[in-house]
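Residue numbers (the working numbering): 1 to 73.
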């Protein structure tokens with residue numbers, strides 16, 4: 001995603017990363033962490049104000065990009 005010339009990431013990057021690592025032969029125990037890291041971020045943003053505060057303003061931009069804004073609003 002581009003915003004004012006700044007690249008903020010790749011849509012569904014957790015799936016892209018998981019599939020890439022699977023293709024390299026990484027075990028499911030590792031690829032599961034990659035696949036679930038966005039859900040983990042959603043949980044942390046929703047339950048730990050210090051996590052969100054430490055990431056502002058980048059976290060807000062990334063949360064909007066990753067569909068986390070519903071957690072924040």
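Backbone N, C-alpha and C fix where the C-beta goes; we use that ideal spot for every residue, glycine too. Being a predicted model, the structure only gives us computed values, none of them experimental.
Could you check what DSSP says for residue 25 in three-state terms: helix, strand or coil? Three-state result, residue 25: coil.
Compute the distance between the beta-carbons of residue 44 and residue 31, then report whether it is under 7 Å.
no
Distance, residue 25 Cα to residue 38 Cα = 22 Å
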